[in-house]
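A.B. asks: Numbering (the numbering used here), first residue to last: 8 to 177. For glycine and all other residues, C-beta sits at the position ideal for the given N, C-alpha and C. Everything numeric in this text was worked out from a predicted model, so none of it was measured. Take this structure, written in structure tokens, and hold onto it; I'll ask about it next.
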């Protein structure tokens, strides 16, 4: 018999109003956990665009569609001031840089550059990059068919100009 009154008391605490108040408080509290938005200065000695002498059109496309997640020079729009959205975006940037960082292209060994160019070609051809979650908020980053073709041709030309990699002997 004692269980019934305790359950009624618990149900009174879990009202829609109490849950809403808790969620608002939680949302306000997490705003104090900020992401690191520091960027490193552009280093032409290691930057992809500078090292590859990309023409202005290709360079502009790369900066708009790729550099926010794949370089040390991301731009942070207003909504990166709102947690947890800021955490999600910072995670995307960290993941993007982990896979390919155009800012440190000059530090990559030739074998890695060759592999990354192959991945760039594949990702752009298959429409996997830029990610749809990115282009949703950055409409100018959505690549036209002409831009995709131009980037793919640029990446292929770079890859073909690289010295052939010797096959590893097992």
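1. Might you give, ordered along the chain, the residues of its own chain that have their beta carbon closer than 6 Å to the beta carbon of residue 81, omitting 5 neighbours on each side?
2. In three-state terms, what does DSSP make of residue 38?
3. Excluding the five sequence neighbours on either side, which residues of its own chain have a C-beta within less than 8 Å of the C-beta of residue 132, listed in chain order?
4. Specify, as a first and last residue, the run of the alpha helix (DSSP H) that residue 73 falls within.
5. Rounded to whole angstroms, what's the CA-CA distance from residue 110 to residue 55? Just pull it up for me.
6. Nearest-angstrom Cα distance between residue 170 and residue 38?
7. Does the beta-carbon distance from residue 53 to residue 114 come in below 8 Å?
8. Tell me which residues share the same chain as residue 92 and place their Cβ nearer than 8 Å to its Cβ, disregarding the 5 neighbours each side in the sequence.
9. Given residue 177, which residues of its chain have a CB within under 6 Å of its CB, disregarding the five upstream and five downstream residues?
10. Helix, strand or coil: which one does DSSP assign to residue 162?
11. May I ask you to report which of helix, strand or coil DSSP gives residue 177?
12. Give me the residue from 136, 135 and 106 with the minimum Cα distance to residue 122.
13. Less than 8 Å between the C-beta atoms of residue 103 and residue 77, yes or no?
14. Whole angstroms is fine: what's the gap from residue 5's alpha carbon to residue 165's?
15. So, residue 61 versus residue 69, is the Cβ gap smaller than 8 Å?
16. Using only the alpha-carbon positions, how far apart do residue 32 and residue 22 sit?
C.D. replies: The answer reads as follows:
1. The beta carbon of residue 81 lies closer than 6 Å to those of 75 and 100 in the same chain, with the five residues before and after it left out.
2. Three-state DSSP puts residue 38 in coil, outside helix and strand.
3. The residues are 155 and 159.
4. Looking at the DSSP string, residue 73 is not in any alpha helix (DSSP H), and its letter there is neither H nor E.
5. Residue 55 has its alpha-carbon roughly 6 Å from the corresponding atom of residue 110.
6. Cα atoms of residue 170 and residue 38: separation of roughly 50 Å, rounded to the nearest angstrom.
7. Yes, they are a contact pair.
8. Counting only Cβ-Cβ distances below 8 Å, and skipping sequence neighbours, we find 86.
9. Note that residue 177 scores 43 on pLDDT, short of 50, meaning its location in the model is unreliable; the coordinates nonetheless yield the value given after this. For residue 177, same chain residues with a beta-carbon under 6 Å away, outside a window of 5 residues either side, do not exist.
10. In the displayed model, residue 162 falls within a helix according to three-state DSSP.
11. With a pLDDT of 43 at residue 177, under the threshold of 50, the modelled position of this residue cannot be trusted; read the value that follows with caution. Three-state DSSP puts residue 177 in coil, outside helix and strand.
12. Answer by Cα proximity: 106.
13. Taking 8 Å as the cut-off, the beta carbon of residue 103 is found closer than this to the beta carbon of residue 77.
14. Missing from the structure shown is residue 5; the chain here goes from 8 to 177 and no further.
15. Yes, these two residues count as a Cβ contact at 8 Å.
16. If you take the alpha carbons of residue 32 and residue 22, they lie about 15 Å apart.
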